[in-house]
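Notes for the one structure printed next.
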Amino acid sequence: MADVKMSSLRTVLQYLLSIFGTALLPLAIPWAIYLICKGRRFRSLEGKVVLITGASSGLGEALAHAFYGCGCKLILAARRSKELERVRDELVNLKHLRNNSVPAILTLDLGDVDSMEEKAATAQAIFGCVDVLINNGGISYRGKITDTTMSVHSKIMDVNYLGQVALTKGLLGRMIERKSGHIVTVSSVQGRIAIPYRSAYAASKHALQAFMDSLRAEVAHEGVDVTVVSPGYIRTNLSLNAMTSVGNQYGVMDETTETGLEPSEVACRIVRAVRCGEPELTMAPTTAKAAIFLRAVAPSLYFMVMRRRALKAEGLPPPKTSQPSKDSKLNEFLTNIS
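Position in the sequence shown (first residue = 1) + 2 = this note's numbering.
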């Protein structure tokens, strides 16, 4: 299975390079210089106050461990207070760490948008400020657009977009006053591209990506950094807890999620992004990165890929063309990423 996947990745890369390699060559040197320069900036996080939403499990729990290991003071936020207490107790019992602070617990529901201003004030009162906000909480979705109720669309937008915007705005004023702060938002590859049967989720992540891109430009001169993280599938319960088109729990562990990135791996990379002040981080397989690239430079080809993917999900054969392509590499490429 691994050999098949590697062969697929090679096919994708070879096809993309055969089309775009020459055109992108002039960009290689400045891109290499950028990568070298951005690695020179490296901050200490010791003593920084970090607020993590969705900290009761999955990536949020892994982020709590990663930032606590850096000597940070944590505010763990989520709906399930019992699970937050479990994470807190695990952290304080890590004897090998030189962190004597006890993480604080903040119970919140991102879906309750109107309460975010109050929650932001409560968070700032715990340690006197919030240096780093990590917008990690969220909910996924599986469903067909024609079957999805508007209440499901509203719920997902509240949790994944409006709640995070409200919490960010609640903390932003003090960060600007102090000329110091960092907003980290865990978006998704689906904040960069959209795939079939994820419409509500992808829409919420696209909105979040756009908001954070605008925010980054507006507060750059105020000493506030903004980092958007776009991971692929992570081995968490996100698909199990996803909403269906009628608002029920999906309850299925997708194969892509089950074989996804380890939460601890993603968390450690996010810590590095914060320490280096990276504006954007994409952690995803080569096929996902190829799809992002394809959407930008060859949208018609990308739309063809997504159409094939939708038909495949419905158990239907791929579309037939009146003039079959003579390019066998293109056919293989479409098969591998759809």
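We put the beta carbon where it would ideally sit given N, CA and C, even for glycine. Owing to the predicted nature of the structure, the values given are computational and were not obtained by experimental measurement.
Checklist entry - Is S241 near D227, with beta carbons less than 8 Å apart? => result no
Next on the checklist: Quick check: V231 and T151, are their CB atoms within less than 8 Å of each other?
Outcome noted: no
Item to check | Collapsed DSSP secondary structure at N162 in the structure displayed | outcome: helix
Checklist entry - For V299, which of helix, strand or coil comes out of DSSP? => result helix
Checklist entry - Looking at C-alpha atoms only, which residue of G145, I128, A209, L110 is the closest neighbour of S83? => result L110
Next on the checklist: Applying the 10 Å Cβ sphere with the 16-neighbour rule, what's the burial state of H184?
Outcome noted: buried
Next on the checklist: Could you tell me the alpha carbon to alpha carbon distance between I136 and P319, rounded to whole angstroms?
Outcome noted: 43 Å
Checklist entry - In chain order, what residues of the same chain have a beta carbon less than 7 Å from the beta carbon of R277, not counting five sequence neighbours either side? => result F44, R45, L47
Checklist entry - Identify the residues that DSSP records as bridge partners of G135: which are they? => result In the sequence as displayed, the identity of residue 135 is Leu instead of Gly. DSSP, once it has assigned bridges, lists L53, I185 as partnering L135.
Checklist entry - Would you say Y143 and A290 are within 8 Å of each other, going by their C-beta atoms? => result no
Next on the checklist: Between Q126, E119, F213, which has its C-alpha nearest V52's C-alpha?
Outcome noted: Q126
Checklist entry - In whole angstroms, what separates the C-alpha of I178 from that of E224? => result 6 Å
Checklist entry - Rounded to the nearest angstrom, how far is the Cβ of Y163 from that of S216, given a contact under 8 Å? => result Not really, about 13 Å apart at Cβ, beyond 8 Å.
Item to check | Enclosing beta strand (DSSP E) for L283 [first to last residue] | outcome: 282-285
Checklist entry - How is L169 classed by DSSP in three states: helix, strand or coil? => result helix
Checklist entry - Expressed to the nearest angstrom, what Euclidean distance is found between the alpha-carbon atoms of I128 and A269? => result 24 Å
Item to check | Backbone secondary structure at D227 - three-state DSSP | outcome: strand
Item to check | Contacting residues, own chain, Cβ-Cβ under 6 Å from Y235 (five flanking each side not counted) | outcome: T258, T259, G262
Checklist entry - When the Cα of G140 is compared with those of G172, E119, I294, Y203, which residue comes out closest? => result Y203
Item to check | Residue span of the alpha helix (DSSP H) that contains I272, given as start and end | outcome: 265-278
Next on the checklist: Contact defined as beta carbons within less than 8 Å: I believe V89 pairs with S58. What is the distance between those atoms, to the nearest angstrom?
Outcome noted: 6 Å
Item to check | Presumed contact (8 Å Cβ cut-off) between G73 and G49, rounded CB distance | outcome: 6 Å
Next on the checklist: Quick check on the DSSP output: what are the complete alpha helix (DSSP H) runs of length 4 or more inside the segment 95-130, in order along the chain?
Outcome noted: 118-129
Checklist entry - Mind pulling the beta strand (DSSP E) runs of 3 or more residues that sit fully within the segment 71-95? => result 75-80
Item to check | Short Cβ contact (8 Å threshold) for R180 with P281 | outcome: no
Checklist entry - For the putative contact between R297 and Y304, defined by C-beta atoms under 8 Å, what is the C-beta separation to the nearest angstrom? => result 4 Å
Checklist entry - Looking at V115 and G165, is the spacing between their C-beta atoms short of 8 Å? => result yes
Checklist entry - According to DSSP, which residues form a beta bridge with P233? => result M285
Item to check | Same chain, Cβ closer than 6 Å to H155, five either side skipped, listed in chain order | outcome: A202
Checklist entry - Less than 8 Å separating the beta-carbons of Y70 and G145? => result no
Checklist entry - Since Y143 sits in a beta bridge, which residues does DSSP pair it with? => result M245
Item to check | Run of the alpha helix (DSSP H) containing L218, from where it starts to where it stops | outcome: The sequence given here has Arg at residue 218, not Leu. Counting along the chain, the alpha helix (DSSP H) containing R218 begins and ends at 201-221.
Next on the checklist: Going by beta-carbon coordinates alone, are L108 and A64 separated by less than 8 Å?
Outcome noted: no
Checklist entry - Is the beta carbon of A66 sitting closer than 8 Å to the one on L93? => result yes
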